[in-house]
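**Student:** In the UniProt record's numbering, the protein residues as written are 1 to 79.
1. Whose C-alpha, out of 24, 35, 61, 21, is nearest the C-alpha of residue 50?
2. Please list the terminal residues of the continuous alpha helix (DSSP H) segment that includes residue 9.
3. Can you give the Cα-Cα distance for residue 77 and residue 18, rounded to whole angstroms?
4. Tell me the rounded alpha-carbon separation between residue 60 and residue 5.
5. Can you check whether the CB of residue 31 is closer than 8 angstroms to the CB of residue 42?
Have a look at this one:
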């Protein structure tokens, strides 16, 4: 529940000053350095897990996008 509340505030349209009050001073820093368990009640292990998962997903998207680009290039040269 705490993670949902944290993400809701993070993605909201609130100004940075209000987000900083609710999420911590480094709320806009990705990963563990941006987590503040005292403010959000989201454990460091959970913040680390989410950051690692996001990094892996971005890497997969990038990898598959480059494969698609390569395939499109191959199709252009053979046609």
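Built from N, CA and C at the ideal position, the CB exists for glycine as well.
**Tutor:** Once the coordinates are examined:
1. Along the chain shown, read from residue 1 onward, the residue named residue 50 stands at position 50. Shortest Cα-Cα distance from residue 50 to any of 24, 35, 61, 21 involves 35.
2. For the purposes of this step, residue 9 is taken as residue 9 along the chain shown, with counting starting at 1. Residue 9 -> alpha helix (DSSP H) spans 2–11.
3. The count along the chain shown starts at 1 and reaches residue 77 at position 77. The count along the chain shown starts at 1 and reaches residue 18 at position 18. Residue 18 has its alpha-carbon roughly 54 angstroms from the corresponding atom of residue 77.
4. Mapped onto the chain shown, residue 60 falls at position 60. Mapped onto the chain shown, residue 5 falls at position 5. Each residue's alpha carbon lies about 28 angstroms from the other.
5. The sequence position of residue 42 within the chain shown is 42, counting from 1. The sequence position of residue 31 within the chain shown is 31, counting from 1. In this structure, residue 31 does not lie closer than 8 angstroms to residue 42 by Cβ.
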